[in-house]
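Each remark here refers to the structure printed beneath this line.
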Amino acid sequence: MPRKTHDNSLDTRKAILASAKRLFSRRGFESTSLSDIAKYAGVTRGAIYWHFENKEELLLALLDSIEEDQSYSKYLKEACAPTESDPLGKLKLWVLGIVEDLDVEFLNSAFVQLIIKILNGSSGNKNLQQRLKDRQEQRNNDLVLALRNAVARGQLPSNLVVQTAAEHLNMFCIGYINQCRDNRADRIMRDFSLFVDWEFETFKHITTNVLSLN
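So for the sequence shown, the numbering used here puts the first residue at 31; every next one is plus one.
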């Protein structure tokens with residue numbers, strides 16, 4: 031009986047998240063109420079509050095769910111682990127996986143547009159905007175940790191300026207995403223593995239010796 035109850039709870043949560051994604055995409059954040067989401071999911075409003083404190087928490091949980099479904103996300107976590115023997119290899123798999131999981135259709139979807147609007151302050155509220163920015167900062171912190179692991183394993187120069195290298199990699203990924211959103215993905219995807227190799231080769235030059243010359 032407890033197992034069935036647990037499964038039912040998971041099914042309810044999935045239905046709520048699916049409903050939220052569809053309605054947020056169609057109506058926007060402000061115009062979507064928890065009652066709307068509950069009705070569309072076929073659950074009570076109380077069921078939503080059982081799983082989520084408010085609409086902001088629901089949106090953040092939805093983002094977590096989307097990321098968990100993306101196969102490449104595990105590689106960054108593995109690259110951050112101090113016991114990982116090949117953090118640089120896992121970091122490269124993470125970047126390459128972006129092409130496979132973050133397809134052009136998703137990057138141009140109304141849902142992604144909504145997240146961008148919240149980040150630039152034209153939708154949502156200040157608290158939600160800051161929570162999304164905190165998520166971005168955490169991603170950058172993960173990149174820093176993964177790069178430090180690669181330095182510790184001797185895969186990157188000991189004098190690598192890790193924070194700068196992480197920012198460079200962030201710019202690379204954001205550049206790819208923006209190119210996809212501008213419908214320029216086909217040519218980039220064809221040579222993406224080569225671009226990734228060049229990006230990782232750049233790390234060898236983001237060192238205290240090189241940067242001190244500027």
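Backbone N, C-alpha and C fix where the C-beta goes; we use that ideal spot for every residue, glycine too.
Nothing here was measured: the structure is a model prediction, and the numbers come from that model.
Label residue 62 either buried or exposed according to how many other C-beta atoms from any shown protein chain fall within 10 Å of its C-beta, with 16 as the threshold for buried. As a first step, residue 62 must be located in the sequence shown, where it is residue number 32. By the neighbour-count rule (16 or more Cβ atoms within 10 Å), residue 62 is buried.
So, using beta-carbon positions, are residue 171 and residue 200 closer together than 8 Å? Position 141 of the sequence shown holds residue 171. Position 170 of the sequence shown holds residue 200. Contact: no.
Using CA coordinates, which residue listed in 106, 100, 119 and 150 is at the minimum distance from residue 132? Here the question's residue 132 lines up with position 102 in the sequence shown. Checked all of 106, 100, 119 and 150; the closest Cα to residue 132 is 100.
What is the rounded straight-line gap between the Cα of residue 190 and the Cα of residue 106? For this step, residue 190 is matched to residue 160 along the sequence shown. For this step, residue 106 is matched to residue 76 along the sequence shown. Whole-angstrom Cα-Cα distance: 19 Å.
For the putative contact between residue 137 and residue 207, defined by C-beta atoms under 8 Å, what is the C-beta separation to the nearest angstrom? In the sequence shown, residue 137 corresponds to position 107, counting from 1. In the sequence shown, residue 207 corresponds to position 177, counting from 1. About 6 Å separates the two Cβ atoms, so the contact holds.
Between the C-alpha atoms of residue 47 and residue 96, what's the straight-line distance to the nearest angstrom? The residue you call residue 47 lines up with position 17 of the sequence shown. The residue you call residue 96 lines up with position 66 of the sequence shown. Answer to the nearest angstrom: the Cα atoms are 10 Å apart.
Within 10 Å of its beta-carbon, does residue 76 have 16 or more other beta-carbons around it, so buried, or fewer, so exposed? If you number the sequence shown from 1, residue 76 lands on position 46. Residue 76 is exposed by the Cβ-count criterion.
Here's the rule: buried if 16 or more other CB atoms are within 10 angstroms of the residue's CB, otherwise exposed. What is residue 114? Residue 114 sits at position 84 when you count from the first residue of the sequence shown. Result: buried.
Nearest-angstrom Cα separation, counted from residue 226 out to residue 218: Within the sequence shown, the letter at position 188 stands for residue 218. Within the sequence shown, the letter at position 196 stands for residue 226. The alpha-carbon atoms of residue 218 and residue 226 are separated by roughly 11 Å.
Would you identify the three-state DSSP class for residue 238, choosing helix, strand or coil? Counted from its first residue, the sequence shown places residue 238 at position 208. Residue 238 falls in the helix class under three-state DSSP.
Starting from the Cα of residue 71, find the closest Cα among 123, 181 and 43 and give me that residue. Along the sequence shown, read from residue 1 onward, the residue named residue 71 stands at position 41. For residue 71, the closest C-alpha among the options 123, 181 and 43 is that of 43.
Let me confirm a value: residue 231 is counted as buried when at least 16 other C-beta atoms fall within 10 Å, else exposed. Which label applies? For the purposes of this step, residue 231 is taken as residue 201 along the sequence shown, with counting starting at 1. Label assigned to residue 231: exposed.
Going by CA-CA distance only, name the one from 161, 224, 102 and 235 that's closest to residue 87. Within the sequence shown, numbered from 1, the residue matching residue 87 stands at position 57. When only C-alpha atoms are compared, the closest one is 161.
Residue 190 in three-state terms, based on DSSP: In the sequence shown, the residue the question calls residue 190 occupies position 160. Residue 190 falls in the strand class under three-state DSSP.
Let me confirm a value: residue 34 is counted as buried when at least 16 other C-beta atoms fall within 10 Å, else exposed. Which label applies? Counting from 1 along the sequence shown, the entry for residue 34 is found at position 4. Its pLDDT being 47, under 50, residue 34 is placed unreliably in this model, and the coordinates cannot settle the point.
On a CA-only basis, which of 53, 235, 154 and 228 is nearest residue 69? Give me that one, please. As a first step, residue 69 must be located in the sequence shown, where it is residue number 39. That would be 53, whose Cα lies nearest to the Cα of residue 69.
Mapping the DSSP letters down to three states, classify residue 49 as helix, strand or coil. Within the sequence shown, residue 49 is the residue found at index 19, counting from 1. Residue state, collapsed to three classes: helix.
Cut-off 6 Å between Cβ atoms - residues of its own chain near residue 229, not counting five sequence neighbours on either side: By 1-based counting over the sequence shown, the position of residue 229 is 199. Hits under 6 Å: 202.
Where the alpha helix (DSSP H) through residue 117 begins and ends: By one-based count along the sequence shown, residue 117 stands at place 87. Note, residue 117: alpha helix (DSSP H), 117–131.
Less than 7 Å between the CB of residue 179 and some heavy atom of the ligand NAD, yes or no? With respect to the ligand NAD, the structure shown offers nothing to examine, as it has no ligands at all.
If you compare alpha carbons, which of 129, 222 and 117 is closest to residue 185? Reading the sequence shown from its first residue, position 155 is the one you call residue 185. If we check each option's Cα against that of residue 185, 117 comes out closest.
Give the straight-line distance between the Cα atoms of residue 212 and residue 111, rounded to the nearest whole angstrom. Indexing the sequence shown from 1 puts residue 212 at position 182. Indexing the sequence shown from 1 puts residue 111 at position 81. Each residue's Cα considered, the two are about 35 Å apart.
If I follow the unbroken alpha helix (DSSP H) through residue 103, where does it start and stop? In the sequence shown, residue 103 corresponds to position 73, counting from 1. Per DSSP, residue 103 belongs to the alpha helix (DSSP H) from 103–110.
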